[in-house]
Every structure is written in structure tokens, then in C-alpha cells.
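Heads up, the thing below is written out as C-alpha cells.
Number of protein chains: 2
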Amino acid sequence: MARLILFPVPIGATDPNTTLPSYNREVLNTCRTFIVENIRTARRNLKTMGYTHPIDDVTFLELNEHTDTTEIAHYLDPIAQGENVGLMSEAGLPCVADPGSIITAMAQRSGIEILPLVGPSSIMLALMASGFNGQNFAFNGYPPIDERGRTAMLRTLEQHIHRDNQTQIFIEAPYRNDQLLHFLALHLQPITRICVACDLTLPTQYIRTRMARQWLHDPPELHKRPTIFLIYK
Amino acid sequence: MARLILFPVPIGATDPNTTLPSYNREVLNTCRTFIVENIRTARRNLKTMGYTHPIDDVTFLELNEHTDTTEIAHYLDPIAQGENVGLMSEAGLPCVADPGSIITAMAQRSGIEILPLVGPSSIMLALMASGFNGQNFAFNGYPPIDERGRTAMLRTLEQHIHRDNQTQIFIEAPYRNDQLLHFLALHLQPITRICVACDLTLPTQYIRTRMARQWLHDPPELHKRPTIFLIYK
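Residue numbers (the working numbering), protein chains in the order written: chain H, 4 to 236; chain W, 4 to 236.
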């Protein structure tokens with residue numbers, strides 16, 4: 004039976020065997036139609052991930068802020084004709100920290116079977132290595148940009164940490180990473196710990212946990228490097 | 004430089020190539036010491052995952068509720084002598100929904116480098132396929148057993164769903180899965196949606212999203228099957 008298949012993509016320029024099971028490559032080659040955010044990077048990722056069919060025969064369906072929602076309604080039509088459709092992320096897991104869940108929600112409403120495949124999640128790799136509670140955690144996306152909103156969010160997250168023992172995870176636009184770390188180091192309670200996890204799965208990988216104020220001294224250079232921030236008591 | 008390496012384990016009886024990158028096997032064979040929850044299953048998992056050294060030469064360090072904390076303090080000593088130490092989960096990702104973070108927290112305090120490896124996370128696979136918000140989500144572990152605590156928890160989680168657009172994820176002791184689904188179907192608001200994700204990565208995999216009350220009709224048989232529950236609006 005045809006399915007919607009969710010394909011993770013390596014998070015950075017690594018050999019795909021470092022972060023993807025070989026099974027994913029087998030399944031990848033059963034698909035001729037892919038829903039993607041950006042066609043150019045999707046072509047490149049297909050090649051890197053060992054897609055063996057001529058890329059010119061592939062149908063790419065774009066899913067981004069320019070896509071007309073009436074078009075999206077037809078994206079899963081090939082499945083009714085017995086053909087698998089792939090959903091590929093730009094990096095990491097599809098439908099996690101990206102807008103792919105529009106498609107999976109549509110598949111669920113239509114009773115279409117979904118096959119999620121294993122791959123790298125920078126959120127989970129960071130959580131595993133942080134030393135923080137992995138039995139209760141939340142991913143909060145991006146913090147507000149304005150200082151007042153940011154301060155209010157930190158106050159709420161610190162409440163969850165102390166009241167619910169819940170690790171709090173977030174990300175930032177990569178060119179604002181250094182400012183965010185400085186802001187966290189200054190505005191969190193001194194006893195709150197911060198884990199900074201950067202360039203995960205890459206040779207330059209950096210994962211370190213310190214108390215909030217300690218990050219004011221010798222902070223790492225995070226500018227434009229993909230980084231996950233975690234806080235806990 | 005020697006490191007603490009975090010090894011995911013397949014979640015069920017599948018070919019490890021379905022859910023583990025081949026790189027993990029290479030790294031596995033650099034370790035002679037493993038911190039594990041249960042030695043018997045760890046031996047079996049090592050074999051399944053392609054460990055090629057004689058298992059009798061392996062040092063297993065047990066980490067479970069019977070372990071003396073003064074012993075744990077020495078578990079990372081081999082790293083100072085230049086030897087990698089592996090931390091293996093019973094199934095899925097180490098330090099996620101298991102007590103492994105005692106070890107990673109100790110490594111972070113000692114400045115030991117940690118290498119988290121990619122593998123199957125039933126939490127993330129379920130989230131990907133649920134159709135729910137993957138840009139904001141929380142894993143809450145196990146719900147309280149008593150009905151009053153359970154009802155209070157559901158009320159709090161529904162608040163997060165509506166106020167913060169945050170997908171709520173939890174698990175249950177596998178023999179209580181059916182009761183939990185019935186409880187959720189009855190006590191959540193009728194417009195709240197429930198995703199049930201069961202036997203992930205296995206041939207019997209089942210992932211389905213429906214409105215709360217719809218689960219009262221034809222519920223799946225979840226008894227003793229590993230299941231993730233997700234709720235969202």
C-alpha cells in the first residue's frame with residue numbers, strides 16, 4: 004500500500020552513514036514524488052543520500068511560505084494512485100521545527116498511512132548530552148526578539164524548570180546566537196544551568212553545560228553556527 | 004581523546020540497519036566498557052548491533068535503582084586513562100525517558116567530551132507522524148495513576164495546548180495503555196485530538212490521529228504494546 008514517507012536529512016556536511024540508517028536509502032528509492040521546502044537543496048540532498056533514479060524524472064512539490072494552500076490539497080493525490088510520496092526536511096527531522104505538519108495533518112485526516120524514518124534530531128542529541136532531565140522536557144522554538152518578551156519567556160521557562168523539573172529547549176536565528184547566550188547568562192538565575200550544543204554531528208561539535216553566569220567568561224563563538232540552547236536547574 | 008559515547012538501541016526486534024546508522028557500529032567497537040541498565044539485555048543488544056569483540060572481555064557497569072551512588076562516581080574513570088566508555092539505553096535513546104542523565108551530568112561537571120549518536124526515538128517518530136505542532140512540544144513522562152491527579156494533569160496540558168500551541172506527549176506503563184486511552188477519550192475536551200503511536204519501527208506499527216471522543220469507538224488493542232500518546236487541538 005502506498006504511503007507518505009518522512010525522510011530526515013543530515014544536519015550539515017557529513018557522510019550520510021553517520022546519521023542515517025541504510026534502510027532510509029532503500030525506501031528513498033521507492034519514491035518519485037517529494038514534497039520539499041526548496042527544490043535546489045532537495046536535489047542536492049537526494050544525491051547525497053544515495054538516490055539512484057534520474058533526478059529529472061522526480062516530481063518536486065514545493066511547500067513554503069509562497070505555496071498556495073489550494074495546491075497543497077493535491078500533494079497527496081499520487082498515494083491514491085498507489086505511489087509513495089516522500090516528505091523531506093531541509094535538515095534534520097521533517098515536521099519537527101519546520102512547517103511539514105500541514106502535510107502529515109492532511110494525511111491523518113485522509114486516513115493515509117505515514118512512515119516516519121529515523122534520522123538526526125539536533126534537539127534530541129543536545130538533550131542526550133546536556134546532562135539535563137530527559138524524562139520531562141519541552142522544545143519552545145524561537146524566543147521573542149524584543150527584550151521585554153524575552154525576559155517574560157525566561158521567567159516562565161524557569162518556573163517550569165523548578166516546578167515541573169522540565170528541561171527547556173530553544174533555538175535562535177543563527178546570526179543572533181551570541182547575543183542570546185549573553186542575554187541568558189545575564190538574565191537567568193545564577194543557579195540555572197545552560198547547555199550550549201553547537202554543530203551537532205559535525206567534526207566541530209561543541210556541547211557544554213555550565214552555570215548561567217559562567218557563560219559570561221570565555222563564551223564560544225556561535226555566530227551562524229547551528230545551535231541548540233537548553234536550560235535546567 | 005577518550006569520550007563518553009551515547010549509544011541508542013533498536014526499539015523492538017528489527018534489523019538494526021532499519022534504525023541505526025552504520026557509523027554507530029564502528030564507534031561501538033571502540034568501546035570495552037559499557038554503562039547499562041541490565042547486563043543480560045545489554046549483552047544481547049551488543050551482539051544484535053554488530054559488536055565484534057568477545058563479550059566476555061567487556062566490562063559492564065550497572066546503572067539502575069540498586070546501584071550504589073558511590074560506585075557511580077567511578078564509572079567514568081576509564082576515560083581519564085584514555086579509554087572510551089559507552090552508555091547504552093535499554094531501547095531507544097539513552098538519557099531520554101531513562102535515568103542515564105546522572106552519567107552525562109557527571110561527565111559535563113568533569114569536562115568530559117560526550118558523543119551522542121543518532122538512533123530511534125519513539126517520541127520523535129510519533130511527533131513527526133502525528134500531524135501536530137512540531138515547532139513547540141513537551142514530553143511529560145508518565146501521567147499520575149490516581150484519577151484526581153490524572154484529571155488535573157489533563158487540564159494543565161490542555162491549557163498549554165490552547166495557550167501556547169504546544170503539543171503534549173506522554174507514555175504509560177504498557178499494561179495500562181488501554182485504560183489510559185479510554186480515560187483520555189472520555190475526559191479531554193471533545194475537540195482535542197489524540198494521536199496514538201504504537202509499535203514504532205515494527206511491522207505492526209500503528210499511528211493514528213482522531214478527535215478525543217472518536218477513540219471511544221473501535222479503539223486499537225494497545226495492551227503491553229509500546230505506545231506514545233500525543234494530544235493537540
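Beta carbons: idealized from backbone N, C-alpha and C, even for Gly.
Per DSSP, what kind of secondary structure is residue 109(W) in: helix, strand or coil?
-> helix
Between the segment 203 to 214 of chain H and chain W, which residues of the former have a C-beta closer than 9 Å to a C-beta of the latter?
-> 203, 204, 208, 210, 211, 212 and 213
Nearest to residue 153(H) by CA position, among 5(H), 126(H), 185(H) and 63(H), is which residue?
-> 185(H)
Secondary structure at residue 52(H), three-state DSSP: helix, strand or coil?
-> coil
Grab me the residues of residue 51(W)'s own chain with a C-beta within less than 8 Å of its C-beta, minus the 5 sequence neighbours each way, in chain order.
-> 13 and 19
Would you mind giving the Cβ-Cβ distance between residue 234(W) and residue 197(W), rounded to the nearest angstrom? I have them listed as a contact below 8 Å.
-> 5 Å
Around the C-beta of residue 147(W), are 16 or more other C-beta atoms found within 10 angstroms, so that it is buried, or is it exposed?
-> exposed
Checking contacts by CB at 7 Å: is residue 26(W) closer than that to chain H?
-> yes
Residues in the segment 99 to 112 of chain W having any Cβ partner in chain H nearer than 9 Å | 99, 100, 101, 102, 103, 104, 105, 106, 107, 108, 109, 110, 111 and 112
Does the distance from the C-beta atom of residue 169(W) to that of residue 129(W) stay below 7 Å?
-> no
List in chain order: all unbroken beta strand (DSSP E) runs of 3+ residues lying wholly within the segment 169 to 210 of chain W.
-> 170 to 173 and 196 to 201
Taking the Cβ atom as the reference point for each residue, do residue 96(H) and residue 11(H) lie within a distance shorter than 7 Å?
-> yes
Quick one: complete alpha helix (DSSP H) runs, 4+ long, within the segment 114 to 175 of chain W?
-> 125 to 133 and 150 to 167
Confirm, please, whether the CB-CB distance from residue 125(W) to residue 127(H) is below 7 Å.
-> no
Which residues in the same chain have their Cβ closer than 8 Å to the Cβ of residue 258(W), if we skip the five residues on either side of it in sequence?
-> The question about residue 258(W) has no answer, for chain W in this structure spans 4 to 236.
Note down the Cα distance separating residue 144(H) from residue 58(W), rounded to an integer number of angstroms.
-> 43 Å
Can you give me the Cβ contacts of residue 187(W) inside the same chain, cut-off strictly under 8 Å, excluding the 5 residues immediately before and after it?
-> 157, 197, 215, 218, 232 and 234
Would you please verify whether the beta carbon of residue 173(W) is less than 7 Å from any beta carbon of chain H?
-> no
Using a Cβ cut-off of 7 Å (strictly closer), state whether residue 140(W) contacts chain H.
-> yes
Nearest to residue 67(H) by CA position, among 221(H), 120(H) and 41(H), is which residue?
-> 41(H)
Cβ pair residue 8(H), residue 30(H) closer than 7 Å | yes
Per-residue DSSP class, three states only, for residue 24(H) | strand
If you draw a straight line from the alpha carbon of residue 115(W) to that of residue 53(H), how long is it in whole angstroms?
-> 35 Å
Rounded separation between residue 46(W) and residue 236(H) - CA only | 35 Å
Separation of residue 120(W) from residue 22(W), as counted between CA atoms = 12 Å
Which listed residue (6(W), 49(W), 199(W) and 166(W)) has its alpha carbon closest to that of residue 180(W) | 199(W)
May I ask you to verify whether the segment 65 to 82 of chain W touches the segment 219 to 227 of chain H, counting CB pairs closer than 8 Å and requiring at least 3?
-> no
In this structure, does DSSP put residue 213(W) in helix, strand or coil?
-> strand
Identify the contact partners of residue 96(H) in chain W, using a Cβ-Cβ distance below 7 Å as the criterion.
-> 127 and 131
Measure the alpha-carbon distance for residue 191(W) versus residue 102(H) and round it to whole angstroms.
-> 26 Å
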